[in-house]
Each structure stands twice: as C-alpha cells, then as structure tokens.
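**Q** Note that the working numbering has the sequence shown beginning at 2, numbered continuously upward.
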Amino acid sequence: MSLMKITDLTRQLGLSSRTLRYYEQEGLIKSTRLPSESYRYYDESAVQRLQQIMILRKMQIPVREIFRIYENPEIATLVKVFADKIAEIDREVTALSELKEIINTFLREMTAKGIKQISALPLLYEEMEKQMELLESQGSREDPAEPVSGNSQCDRAQPDSHPGESCPPGHCGQTASPGQPIAVQDPQAALRRLNRLQEQLSPRPDAAILYLPPMRVLTSCLKQNPQESDITGFWHTVQALGLSLGMPGGHERFEYQNGPQGAVMLRIEDSFQNHTAYLDIPFPGGLYASANLYVDEGLEEQFGRLVGSFDDNPFYEIDYTHEGKLRRHALLENLISPDQRRDLVSLLVPVKRRMANPACFEKPTELPAGSITIEEIQARNPVLWERDVPLDKVTPINDPHYRILENGEAEYTGWISTRVLNTNVAVKLPFRVDMEFRLGGDDERFGYGSEEGCLIFYHGAEPDCYAGGVSLGNLSQNGFGINMGNQPSEDLSKAALHREAIVFRQPCFYDLYELPGRGGVRDRGYNQVTWIIGPTHLAVIINGEIRYCGTGFPYMSLDLSRTAPGDIIIGSNGQGMKYFRFIRVSQLAHAPRIRLQKEELLMTTKQSNNIIPIIHRLVTDEYGENYWFNGCARYVMECLGETDYDYNFFAGLTGDVFTQYYPKGEFRGEGITSYMLAEGPHRSLQEADSSFVLVPGETGFIEALFEKCGYASTFVPRKDLCKNPDMYVQTLVSYIDRGIPVIVWGLGEPPAGVLVGYEEYGKTLLYITGNSNRPERLSLESFLAQNEFSNPGWIFIGSKKETPSLAWLYREAVRVLPKLLATETESFYFGASAFRAWAADIEGGRFDDVKPEEFDPWSAHTAYVCGLATNASCCHAFLEKAMALNPDLNFLREVSALYNRCGEMWNHDGGADLEALGGGFNVTLEALQNPARRSPIAQKLRDFAEVTEEIRRVLQQGVDSCF
Numbered sequence: 002m003s004l005m006k007i008t009d010l011t012r013q014l015g016l017s018s019r020t021l022r023y024y025e026q027e028g029l030i031k032s033t034r035l036p037s038e039s040y041r042y043y044d045e046s047a048v049q050r051l052q053q054i055m056i057l058r059k060m061q062i063p064v065r066e067i068f069r070i071y072e073n074p075e076i077a078t079l080v081k082v083f084a085d086k087i088a089e090i091d092r093e094v095t096a097l098s099e100l101k102e103i104i105n106t107f108l109r110e111m112t113a114k115g116i117k118q119i120s121a122l123p124l125l126y127e128e129m130e131k132q133m134e135l136l137e138s139q140g141s142r143e144d145p146a147e148p149v150s151g152n153s154q155c156d157r158a159q160p161d162s163h164p165g166e167s168c169p170p171g172h173c174g175q176t177a178s179p180g181q182p183i184a185v186q187d188p189q190a191a192l193r194r195l196n197r198l199q200e201q202l203s204p205r206p207d208a209a210i211l212y213l214p215p216m217r218v219l220t221s222c223l224k225q226n227p228q229e230s231d232i233t234g235f236w237h238t239v240q241a242l243g244l245s246l247g248m249p250g251g252h253e254r255f256e257y258q259n260g261p262q263g264a265v266m267l268r269i270e271d272s273f274q275n276h277t278a279y280l281d282i283p284f285p286g287g288l289y290a291s292a293n294l295y296v297d298e299g300l301e302e303q304f305g306r307l308v309g310s311f312d313d314n315p316f317y318e319i320d321y322t323h324e325g326k327l328r329r330h331a332l333l334e335n336l337i338s339p340d341q342r343r344d345l346v347s348l349l350v351p352v353k354r355r356m357a358n359p360a361c362f363e364k365p366t367e368l369p370a371g372s373i374t375i376e377e378i379q380a381r382n383p384v385l386w387e388r389d390v391p392l393d394k395v396t397p398i399n400d401p402h403y404r405i406l407e408n409g410e411a412e413y414t415g416w417i418s419t420r421v422l423n424t425n426v427a428v429k430l431p432f433r434v435d436m437e438f439r440l441g442g443d444d445e446r447f448g449y450g451s452e453e454g455c456l457i458f459y460h461g462a463e464p465d466c467y468a469g470g471v472s473l474g475n476l477s478q479n480g481f482g483i484n485m486g487n488q489p490s491e492d493l494s495k496a497a498l499h500r501e502a503i504v505f506r507q508p509c510f511y512d513l514y515e516l517p518g519r520g521g522v523r524d525r526g527y528n529q530v531t532w533i534i535g536p537t538h539l540a541v542i543i544n545g546e547i548r549y550c551g552t553g554f555p556y557m558s559l560d561l562s563r564t565a566p567g568d569i570i571i572g573s574n575g576q577g578m579k580y581f582r583f584i585r586v587s588q589l590a591h592a593p594r595i596r597l598q599k600e601e602l603l604m605t606t607k608q609s610n611n612i613i614p615i616i617h618r619l620v621t622d623e624y625g626e627n628y629w630f631n632g633c634a635r636y637v638m639e640c641l642g643e644t645d646y647d648y649n650f651f652a653g654l655t656g657d658v659f660t661q662y663y664p665k666g667e668f669r670g671e672g673i674t675s676y677m678l679a680e681g682p683h684r685s686l687q688e689a690d691s692s693f694v695l696v697p698g699e700t701g702f703i704e705a706l707f708e709k710c711g712y713a714s715t716f717v718p719r720k721d722l723c724k725n726p727d728m729y730v731q732t733l734v735s736y737i738d739r740g741i742p743v744i745v746w747g748l749g750e751p752p753a754g755v756l757v758g759y760e761e762y763g764k765t766l767l768y769i770t771g772n773s774n775r776p777e778r779l780s781l782e783s784f785l786a787q788n789e790f791s792n793p794g795w796i797f798i799g800s801k802k803e804t805p806s807l808a809w810l811y812r813e814a815v816r817v818l819p820k821l822l823a824t825e826t827e828s829f830y831f832g833a834s835a836f837r838a839w840a841a842d843i844e845g846g847r848f849d850d851v852k853p854e855e856f857d858p859w860s861a862h863t864a865y866v867c868g869l870a871t872n873a874s875c876c877h878a879f880l881e882k883a884m885a886l887n888p889d890l891n892f893l894r895e896v897s898a899l900y901n902r903c904g905e906m907w908n909h910d911g912g913a914d915l916e917a918l919g920g921g922f923n924v925t926l927e928a929l930q931n932p933a934r935r936s937p938i939a940q941k942l943r944d945f946a947e948v949t950e951e952i953r954r955v956l957q958q959g960v961d962s963c964f
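See below:
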C-alpha cells in the first residue's frame, strides 16, 4: 500500500495542512506516522476520500452535511443532501430572478420617463406596479386584444413623452411629473418586497461563541449623568492620560448602546485611579455570540440576522431577562480589515447555554445480550479512583430511618423518595456506583406512594430555598433506580409492564429511560448492583448479570470535564427496610475534549424563547406539603413579590389542611382544592347568610380564591384552550416575559404544576411540577390532547386590585371552617361525614369482590389516610399565624389540640391507632376483605368523625363569639 507525505498531498490537492488537520481531528480521514518519521502519511483510501470531499465542497455542500454523508454512507443520505442543495439553489434562483425583474423594470421605466432624480423612485415604483397589474389583468382575459378601460395605466407614458409633461386633467387621475410627490396606495410596498428578497438572498451568519472575562472598564458616560455619553471628550482624556487605546480584536475596547446614545468602554487596570469625569464600572463578562461583518452591510440588518440565527439553535440561546430585553449590552469591537476602505467589526450579543435537548442527537444504541462482557465494559470505562463509603459516616437527609446494626449493616427506610442518605463522596461525570444490599423481611409494609424494594441513587443535589436543606426531587431529576414500579395500577393491562424496572434519567439531558422487568432483585439474601455511567457505556449489572448496556448516549459526546461534581445520594420509596453491607463510589477516567462539539458553533435555526428568573421546587412533601395547588399558588405569589402568601397560607385559605375528603364515586385527587377543581371551574366560595359555602357559582372557585388575596385571575378550561390556542399561548408568552408563571391544573399527566418558560414561540412549554426543580419540556400539543379530567385548564393570575389585611385573610379563613367541615355535595363529603362514609364503605364490603391485581391502595384508601395524617400534622402553622395576627382567636389552641389528637389516633395511640389496626398506610386488601379485621378499622374512622365533630363545634362556638 503506497503512502503519501502530507507535504506532497497538500501540494497535489491544493489543500492547506490546517485543513487536513481539521478533517483528521473531526474523524473524516486518518493519517499514519512511521516509526522513524515525524511527518504524517496518508494511504490511498484517505486520498480518495479527500478527493471526494473536495468535489462536494466545490458543489458548495457544507462541511456539516459532508459529516452526515460519511456518518450514514447509504446512497439515500447522499441523494437527500443533493436534493436539499438543489432545492436551496432553486429558491435562490427564484429570488434572484424576481430581483432581476424588479431592477430591469426600474431601468425600463427610468429610461422611458427620462427620470434623472432619485426622489422620483416612489412614483416610478407605483407606475411599475400598475404596469404589472395591467399585464396580469390582460393575461387573465379570454380576449387579449380587448381594450383596457380605467385609469390604471396612462397611455401618454410612452418613450417619446417629454420629461416633466403632465397628463391631461382627469386622464389618469394624477400627474406624472417625476419631481412632484404623488399619493400612492402603499408607499412601503417596494421596501417590503425588497426586504423579503434580501432576507431570502442574505445568509444568516455562522456565529462563534466566545467568553469575555470580567474586567474593569472606563466608559464615555459621565459620572454626573450616566445617561449622557461624550465620546469625543472621552478619547481626548484617554490620549492625554496615555492609556492604551486597545488592540483591535483584543477584547479591550467596545462600543455599545447607552439608551439612545452610542457609548464606548475601554479596559483599564484595577489599580487605575479614576480622577476623570467619566464613569468606570465593573464589566461582568460572560458568553457572547460573535459574528464578523462590514459596517457598510448595515448593522441593524446584521444584528437582526445574528439574533435570529439563535432562535432555534439547539445549544445556545440569546440571553434575555424575564422582561424580554438583552441581559447585557450588545457590543461592537473593531477588527483589522483586509479592505482598508471598509470598516470590519465583530458584533457580539450575549448568549447562554440552552437546556440540553436529547432530540438534537442520535438516539443511544443498546448492545445485544452476549455482545459484550462485564470485563470489556470495565476495560472501556476505566476507574481513575474509588472510595469505599464508611456506613457510619453517611449523612441522613430529611429525617429517614437510618441506623448501624451490631453486625455492621446499615438499616434504612425513607418512606418517601426525598428522605435519603448522602454518602458524602462527590464525583463528576463519568462515574461508577457499586452497592451490596438486601431487602427487609416479612415485617415489610406497603407504604403510600411506594415502590417497595426499589433502590435509587442520585448524582448531586441543589439547595432548597424553603426547606433549608437540599432539593432532590425524584426521577424527574437525576435518579438511577432498580426494581422500580412495584405498585398496582388502575390499568391492569399496564400494571405488570412497569414492575421490576430499571428507570433512569440520562445525565445532563434528563430524558427518561424505563426498562420494565430488567431491574428485579432477590427477595432473600444479598444483591450486588453496579451502575457504570461511563464515557463510552451506560451499564447496569445486577448479581453478576448485565441487565442493560447502552452506548452512544448524547451525554457521552459532551465535554464531561466541564460538568460539576455532585455527591452520590442513596434513596428508596416505601416503608420496606433496606440493609446495606457495602457502598463504593468510583470516579471514571475521561480525557477532556480539546474542541467544541462539531456544529456547536453553527447558528442556523430559528426560535423564540424565555424563562422566568425564579426556578425551584413547588412543594417539599417531606415537610408535609402534600397539596400541590397550594405550592403552585405560593410560587406565583412569590414571583409577584408577595412574601406573606406562602404554602401554609394557601393551605389554610383553601381549607385543604383542615378538611377530610371522601368521594361518592371515583377517586378525584387529594384535598378540597382537587375536588373543587375536578368539579369544574363553576364551583366557588359564595357569600350566603354571612358564611362561605361550597355551591355552584359564576365567579368560580379559582377567581374567588385569588380575589380574596386582592388579585384578578382567570381560569381557562381546556375546551377554551383548544378553541383558540394561539391567543392563549400569546397570553402565556406575555406572562412569562413579565416573570409570572401560569398554573396548570390537572389530575393525570401532567398533574398540577406551573409553566415557567417557552420555546419555539410557545410550541414547547417549560413545566415544573411537584418535587422537580428543573423544568421539563412538554409540547403544547400534548397539553391540549389531555382530557378534561387530566387537564381541566390553565390559571392566569392578573393584576393586583387591592391589598387586603393579612390578619383579615387569616380571620376569614377561620370563619368559613365550620361550614367547610359540614359540607356535602352530590359528588363528595367533607369533614365528619367523609370519615363516616369511608367507614361505611369498608364495613359494607366495598372491597369484597376486588381481586389483588385490581387493588390500588392509593386511590382506594391510603390517599385519604395521607389526608388525615397531613392535616393532623400540618395545620398548626396556619393556626399559630392566625392567632398571632388575631389574638382574640385563642380558641384555636383547643382546635390545634384536637388535630393533635387526630395525629395520635393515626399513629401513636398505644396500639389502638389506625396504623396498628392495619388501616393506615400499611393497609392490605386482605385486611379490607376480612370482616374481623376491617370492623375495628371502620370504628376507628368513626372515632375520627367524632373528633372532627368536636373540632367543628369548637370552631363554630369561637366564630359565634368573635365575629
């Protein structure tokens, strides 16, 4: 096989060595180095490919398309690239032909009319348009020889007409004098038409992303009036002080817009003593998109093209504030021009990284079983260092059960997924986690919201602004779980499809992968699980068996050296015990990238986007925040600057945290708010006989709630969203641009949450729900496709109309409580009647004919246990605040004590509590079907009803005496 030296190849093909190195770095060609040579050599296949690349480039096929051709060598890819190029040429030819016709028509008319002044161009274009309309009109007639009537064309406008000669009055309704302005129907028609052609024929710039470091700068703005810029005096001062004027392209001198005026800033040393009249400021630096252009090409048009080129860029977006303005000034920097007659500048616009979108990458490939061994996976994802986690040094977070047993094992249960264990070992991507554990024995209980037997770990956590701890979320964040989905489903056909699953979110991108049936573990004895989140493979190994191994994940193509380290945090869900014997965390080796991702700097797509500045979790359910609507309302009020309207405030104002609920039919959600919204927008709190009662009304539950807080609001049901989506999306966009989220109320998928941003002009919405502290992308189409039950609608909180007294708001919430605790409608019970109806269903044999695979403990029973437990534990913050603001409401202390009694009856009643009777979170179908076991459960619920009646009596007596 003959080899060609790089110097000979560059001379033969006319390519630079830099171009060859670029092609080689990007993997298009390969070179060979001989043992005794320092030169690179290329074989015949590399030379042949270079010749092919040169042919494609001479056809003006972009390099990014050449990559695609060689990545997908089937002929269909090449045909598609050629077809796209032909279509592009056709569009350009069409636009050029139209532009040529316009110029030719102008030229003919100028010659025909003898026009010699440019001021006559509007008149000339009007006459040209009339000729075109006449030709089109004549062409549409059946008889081309038929005379044309009307005055759309003056028959005196012939080549022999004299310049400046007017048409006879009334002949065509206007004069044809080139120097005299005339009225035209659309004087901007020419400009719009030419703008359209210019847009078609002017390619958008290929922008580069650069980082400008923070620096101190001296500006041309005056200290006494920063809005005034004196550029001439500024340069005189700079030269008089002997300061450097800044090298072109050295990121030392920039022009920017200071309001309506132009301004200049010049980098200065930190030690510079500023005794001048000009303002010095710290320049924050940051990421910028940079495009080089000549000033005579039109800065305004080029600025629009540069910004527009980022509208749909998958990696970066223009950095806007929530008000829709640029977060930092756009800048101009002088460059050295190769044409001294033209000024070359670099235009810089602030940008930020877009949320990673896996749709911009190829999908990962799962390796077939037997195609790779555990040893091969380990060899291709080598360990850089490893740490064995001391089990007695693990830090429990959010108060899970955790202790070290005498045999050295660590015993753990979290009950819910946010009560976790921090290993205190931090790693960056890529990494590996090894664990050895066993599941609890026969005493294992089925818990609310559980996936018994699952084991999840998280990579990193973020500060939580409400809990004061960490914000972990669940698998919507960054979890990696095995043995997931182990709970019944209402849809029997899907129940088994989600059990014993491997479930994880891809690092950096957070898209969900669910692999049912692959994550099962032994019920007895120890299990070994290994997660390898590697640079080339993502693998899950359980008990020595490869359960999943994938390659080609988008995160693997990123520069992983730029990712942040995060602690490995271990969790689970449900009340079953987990016993750990061994935990090891390993940092895997990865060579940092020396180049950006290919095509990462090519900005050629289109999109509009924005996101509100406040992003965090809606609720912290480990602190009893189980009613999501109240978290949504708190979130919106926070964005509006209302710090007093917190979660506890809304939980009390709605009555959620005081009122037991139970349906007369199907499960309708958690809390009074869920039931009211499930009934539709026309359930409201209405005034009747000086008391608020739950009745159908025109105001609506939502509108009445926020009206009490002093705000206008609108509930838009799904049917209205579907009728006019464009209008409501524009409304949503205007809210996000003002930094105000929009509440989504749903009981299915998506559940209650807030819309915090948009992309693609509203076609894609950014959505936060529950424990998630990162927005997820949902298409507008998916929202509108939900049924009325799953997605009743959107809630817009409007302008503030008044500022009610906070003491009055708490007082009013207390005043309506007796009514709420006695409410019963056609669809549901509240208060004592809810407990009695619940007890009657259990004792009456509601579950006698239910099969085990049909039983969903949450919707059948434990949701209502969660309600009574939450209310008993979490109403006290509202009651204490109400008494602090209204000292005469001291009867609320007795109310608080009665709710504490409910808490004891649930889980601390000397063996006679609901949990001890098997009717709490640990309920089983067998207990509800066994008359001997269910009878005491039903009686306990009737005891709750009696205490609730006493709560209502104390409240009513207190209200009667204080109001």
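C-beta: ideal position from N, C-alpha, C; glycine also. Since this is a predicted model, take the numbers as computed values, not measurements.
#1: Check each candidate in GLY535, VAL350, PHE235, GLU93 and name the one with the smallest Cα separation from LEU213.
#2: Report the residue from TRP532, LEU880, LEU654, SER834 whose alpha carbon sits nearest the alpha carbon of GLN661.
#3: Taking the alpha carbon of ILE457 as the point to measure from, which residue in PRO369, ILE570, ASN382 has its own alpha carbon closest?
#4: Roughly how many angstroms separate the alpha carbons of GLU147 and ARG342, rounded to a whole number?
#5: So, with DSSP's three-state summary, where would you put ASN423?
#6: Is the beta carbon of PRO359 less than 7 Å from the beta carbon of PHE510?
#7: Using CA atoms only, rank isn't needed, just tell me which of LEU785, SER372, CYS867 is closest to TYR549.
#8: Would TRP629 and ALA753 qualify as a contact pair, given that the criterion is a beta-carbon distance under 7 Å?
#9: Please specify which runs of the beta strand (DSSP E), each continuous and at least 3 residues long, are wholly inside the stretch 864-923, giving them in chain order.
#10: Short of 7 Å in beta carbon distance, which residues of its chain neighbour ILE282, apart from the five on each side in sequence? Order them along the chain.
#11: Please report the distance separating the alpha-carbon of VAL948 from that of ASN399.
#12: Near ASP231, which residues of its chain fall below 7 Å by C-beta distance, leaving aside the five closest residues on each side in sequence?
#13: Please say whether THR233 and THR277 have beta carbons closer to each other than 7 Å?
#14: So what does DSSP say about LYS326, is it helix, strand or coil?
#15: Note the first and the last residue of the continuous alpha helix (DSSP H) segment covering TYR811.
#16: Starting from VAL350, trace the beta strand (DSSP E) in both directions and tell me its first and last residue.
#17: Quick check for students: name the residue ranges of the alpha helix (DSSP H) that lie wholly in the stretch 8-74, counting only runs of 4 or more.
#18: For LEU267, write down the residues that DSSP places opposite it in a beta bridge.
#19: Hey, VAL426 and ARG388 are a contact pair by Cβ (cut 8 Å); roughly how many whole angstroms apart?
#20: So, with DSSP's three-state summary, where would you put THR765?
#21: Give me the Cα-Cα distance between ASN574 and ARG585, rounded to the nearest whole angstrom.
#22: I need the straight-line Cα distance from VAL896 to ARG775, nearest angstrom please.
#23: What's the call for MET728, buried or exposed, on a 16-neighbour Cβ count within 10 Å?
#24: Name the residue from SER310, LEU942, LYS724 whose alpha carbon lies nearest to the alpha carbon of HIS862.
#25: Measure the alpha-carbon distance for ASP44 versus ARG34 and round it to whole angstroms.
#26: Would you check whether the ligand SAM has a heavy atom nearer than 6 Å to the C-beta of ASN631?
#27: With DSSP as the reference, label ALA357 as helix, strand or coil.
#28: Helix, strand or coil: how does DSSP classify ALA628 here?
#29: Just how far apart, CA to CA, sit ASN901 and LYS882?
#30: Taking C-alpha atoms, which residue in GLY15, VAL48, VAL395 lies nearest to MET5?
#31: With a cut-off of 8 Å on the beta carbons, I'd call TYR865 and TYR663 a contact; round off their distance for me.
#32: Using the three-state DSSP reduction, which class does SER1 fall into: helix, strand or coil?
#33: Identify whether ILE744 lies in helix, strand or coil by the three-state DSSP scheme.
#34: Since VAL428 and PRO517 should fall inside the 8 Å C-beta cutoff, what is the C-beta to C-beta distance between them, to a whole number of angstroms?
#35: Please report the distance separating the alpha-carbon of THR419 from that of ALA917.
#36: Report yes or no: do the stretch 666-676 and the stretch 816-830 share at least 3 C-beta pairs separated by less than 8 Å?
**A** Judging by the given coordinates:
#1: Against the sequence shown, residue 213 aligns to sequence position 212. Ranking GLY535, VAL350, PHE235, GLU93 by Cα distance to LEU213 puts VAL350 first.
#2: Here residue 661 refers to the residue found at position 660 of the sequence shown. Of the candidates TRP532, LEU880, LEU654, SER834, the one whose C-alpha sits nearest the C-alpha of GLN661 is SER834.
#3: Indexing the sequence shown from 1 puts residue 457 at position 456. The shortest Cα separation from ILE457 among PRO369, ILE570, ASN382 belongs to ILE570.
#4: Walking along the sequence shown from the start, residue 147 turns up at place 146. Walking along the sequence shown from the start, residue 342 turns up at place 341. With a pLDDT of 37 at GLU147, under the threshold of 50, the modelled position of this residue cannot be trusted, and the question is left open.
#5: Locating residue 423 in the sequence shown gives position 422, where the first residue counts as 1. Looking at ASN423 - three-state DSSP - the assignment turns out to be strand.
#6: Here residue 359 corresponds to residue number 358 of the sequence shown, with the count starting at 1. Here residue 510 corresponds to residue number 509 of the sequence shown, with the count starting at 1. Their beta carbons are under 7 Å apart, which means PRO359 touches PHE510 by this criterion.
#7: Indexing the sequence shown from 1 puts residue 549 at position 548. Nearest option by C-alpha distance: SER372.
#8: Reading the sequence shown from its first residue, position 628 is the one you call residue 629. Reading the sequence shown from its first residue, position 752 is the one you call residue 753. Yes. Within cutoff.
#9: none
#10: For the purposes of this step, residue 282 is taken as the residue at position 281 of the sequence shown. Cβ within range, chain order: VAL218, THR220.
#11: As a position in the sequence shown, residue 948 is number 947, starting the count at 1. As a position in the sequence shown, residue 399 is number 398, starting the count at 1. Roughly 31 Å separates the two Cα atoms.
#12: For the purposes of this step, residue 231 is taken as the residue at position 230 of the sequence shown. SER221, LEU223.
#13: Taking the sequence shown and counting its residues from 1, the one referred to as residue 277 is at position 276. Taking the sequence shown and counting its residues from 1, the one referred to as residue 233 is at position 232. Not closer than 7 Å, so no.
#14: Sequence index remark: in the sequence shown, residue 326 carries index 325 (1-based). Coil.
#15: Within the sequence shown, residue 811 is the residue found at index 810, counting from 1. That run of the alpha helix (DSSP H) goes 807-821.
#16: Counting from 1 along the sequence shown, the entry for residue 350 is found at position 349. Unbroken beta strand (DSSP E) run through VAL350: 345-354.
#17: 18-26, 45-59, 64-72
#18: On the sequence shown, residue 267 is found 266 positions in, with the first residue counted as 1. Looking at the DSSP assignment, LEU267 forms a beta bridge with LEU219, ARG254.
#19: Locating residue 426 in the sequence shown gives position 425, counting from the first residue. Locating residue 388 in the sequence shown gives position 387, counting from the first residue. With a Cβ gap of about 5 Å, VAL426 and ARG388 count as contacting.
#20: In the sequence shown, residue 765 corresponds to position 764, counting from 1. Three-state DSSP puts THR765 in a strand.
#21: In the sequence shown, residue 574 corresponds to position 573, counting from 1. In the sequence shown, residue 585 corresponds to position 584, counting from 1. The straight-line gap from Cα to Cα measures roughly 21 Å.
#22: One-based indexing of the sequence shown puts residue 896 at position 895. One-based indexing of the sequence shown puts residue 775 at position 774. So the two alpha carbons sit approximately 39 Å from each other.
#23: For this step, residue 728 is matched to residue 727 along the sequence shown. That one is exposed.
#24: The residue you call residue 862 lines up with position 861 of the sequence shown. With distances taken between Cα atoms, HIS862 lies closest to LEU942.
#25: If you number the sequence shown from 1, residue 44 lands on position 43. If you number the sequence shown from 1, residue 34 lands on position 33. Looking at the two C-alpha atoms, the distance is approximately 11 Å.
#26: Judged by which ligands are present, the structure shown has none, so any question about the ligand SAM falls away.
#27: Counting from 1 along the sequence shown, the entry for residue 357 is found at position 356. ALA357: coil per DSSP, three-state reduction.
#28: Counted from its first residue, the sequence shown places residue 628 at position 627. The amino acid at residue 628 is misidentified as Ala; the sequence shows Tyr. Note: TYR628 maps to coil in three-state DSSP.
#29: Taking the first residue of the sequence shown as 1, we reach residue 901 at position 900. Taking the first residue of the sequence shown as 1, we reach residue 882 at position 881. Cα to Cα, the separation comes out at about 17 Å.
#30: For the purposes of this step, residue 5 is identified with residue 4 of the sequence shown, where counting begins at 1. It is VAL48 whose Cα lies nearest to the Cα of MET5.
#31: For the purposes of this step, residue 865 is taken as the residue at position 864 of the sequence shown. For the purposes of this step, residue 663 is taken as the residue at position 662 of the sequence shown. Yes, they are in contact, since the Cβ atoms of TYR865 and TYR663 sit about 6 Å apart, within 8 Å.
#32: Given that the chain is displayed from residue 2 to residue 964, the structure contains no residue 1 and the question cannot be resolved.
#33: Locating residue 744 in the sequence shown gives position 743, where the first residue counts as 1. ILE744 falls in the strand class under three-state DSSP.
#34: Along the sequence shown, one-based indexing puts residue 428 at 427. Along the sequence shown, one-based indexing puts residue 517 at 516. Not quite, the Cβ-Cβ distance comes to about 28 Å (not below 8 Å), so this is no contact.
#35: Locating residue 419 in the sequence shown gives position 418, where the first residue counts as 1. Locating residue 917 in the sequence shown gives position 916, where the first residue counts as 1. The alpha-carbon atoms of THR419 and ALA917 are separated by roughly 25 Å.
#36: yes
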